[in-house]
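Using the UniProt record's numbering, the letters of the sequence shown map in sequence onto residues 1 to 220.
All residues carry an ideal CB built from backbone N, CA and C; glycine is no exception.
All figures in this text were calculated on a predicted structure; none of them were measured in a lab.
Read the structure below first, then the notes.
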Amino acid sequence: MNIWFDEQMSNSRELQHLRTINDGRMSGRKHRRDKSEISCCLKYLIFGFNVIFWLLGLGIFIVGIWAWTEKDIFNNLSRLTNITLDPAFVFIVSGVITFTIGFTGCVGALRENTCLLASYAIFLAILLLLEMTAGTLGFIFKDWIKNQATNGFQAFIVHYREDPDRQNLIDWIQEQWLECCGIEGPKDWDMNVYFNCSSIDVGSREACGVPFSCCKPQPN
């Protein structure tokens, strides 16, 4: 009888020991799982930020498409003389990139999807790297960038009346931002066929003139 009782006690101790080990393992797993979970506050902070980012990208994209529609680009692609200098195209590309990043971060945070969050982090790292690279190259090749900007502005002057977006952009630069007239001065507008003095022969009212954005209103 005593032998049987001792065996039962021994088995009971072994079962209790096994339960203790299993409880410890489960506690460890739970503890590790808690560490890997995303904080609720951080989750909704990332989600809210990226909803704004996502809607901003969608808005920029819609503005770019609307601008192309207003210029009837989709029905007449020959009007798109230089796609890299077209403000509407820049809006479309910027909108697509912003929308993609915002959507990835938004869904990744809401679903706690590590794959999407990793993609979101990679996108941000690439953008940061591109900004740092652009800043470094801008400092090293500042003379070349100045020449490219001058050539681009000259192209805007030449095609001033041909593209409403470029016209509005150059008017804003001259009137609101830099308060200037041309690159070096008003004579730069001789490059435009409408403002060139030779246009007098064809009866152009703008010959030997400049756009209204070059002029300053007289104070009363």
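Can you list, in chain order, the residues of its chain with a C-beta nearer than 7 Å to that of residue i? Leave out the 5 residues immediately preceding and following it.
i: Asp-188; result: Ile-157 and Gly-182
i: Phe-99; result: Trp-54, Gly-57, Leu-58 and Phe-61
i: Phe-103; result: Trp-54
i: Cys-180; result: Gln-174
To which residues of the same chain is residue i closer than 8 Å at the C-beta, ignoring the five residues directly before and after it?
i: Ala-67; result: Pro-87, Ala-88, Phe-91 and Asp-165
i: Cys-197; result: Asp-190, Ala-207 and Cys-208
i: Pro-217; result: none
Are there any heavy atoms of the ligand MG lying less than 7 Å away from the beta-carbon of residue i, as far as the coordinates show?
i: Gln-167; result: Inclusion of the ligand MG in the displayed structure is not the case, the ligand content being empty and no account of it being possible.
When you compare the CB of residue i with every CB in chain C, is at least one pair closer than 8 Å?
i: Asp-165; result: No chain C is present in this structure, which holds just one protein chain.
Rounded C-beta distance between residue i and residue j? I'm assuming under 8 Å.
i: Phe-195; j: Gly-209; result: 6 Å
i: Ile-145; j: Gly-138; result: 6 Å
i: Ile-173; j: Tyr-160; result: Their Cβ separation, rounded to whole angstroms, is 12 Å, which puts Ile-173 and Tyr-160 out of contact at 8 Å.
i: Phe-47; j: Leu-110; result: 5 Å
i: Ser-213; j: Glu-175; result: 4 Å
Relative to the C-alpha of residue i, which candidate in the options has its C-alpha closest?
i: Phe-123; options: Glu-112, Arg-111 and Ile-97; result: Ile-97
i: Leu-178; options: Cys-215, Ser-204 and Asn-192; result: Cys-215
i: Ser-94; options: Ser-119, Ile-65 and Leu-116; result: Ile-65
i: Leu-42; options: Asp-143, Cys-106 and Thr-69; result: Cys-106
i: Gln-154; options: Ala-134, Gln-167 and Lys-142; result: Gln-167
i: Ser-39; options: Thr-136, Leu-116, Glu-112 and Ala-134; result: Glu-112
i: Ile-101; options: Tyr-120, Cys-115 and Thr-114; result: Tyr-120
(Q) Just to confirm the assignment: which complete alpha helix (DSSP H) runs, minimum length 4, are found wholly within the region 129-172? (A) As summarised for the region 129-172, the continuous alpha helix (DSSP H) elements at least 4 residues long and confined to that stretch are 142-158 and 164-172, given in chain order.
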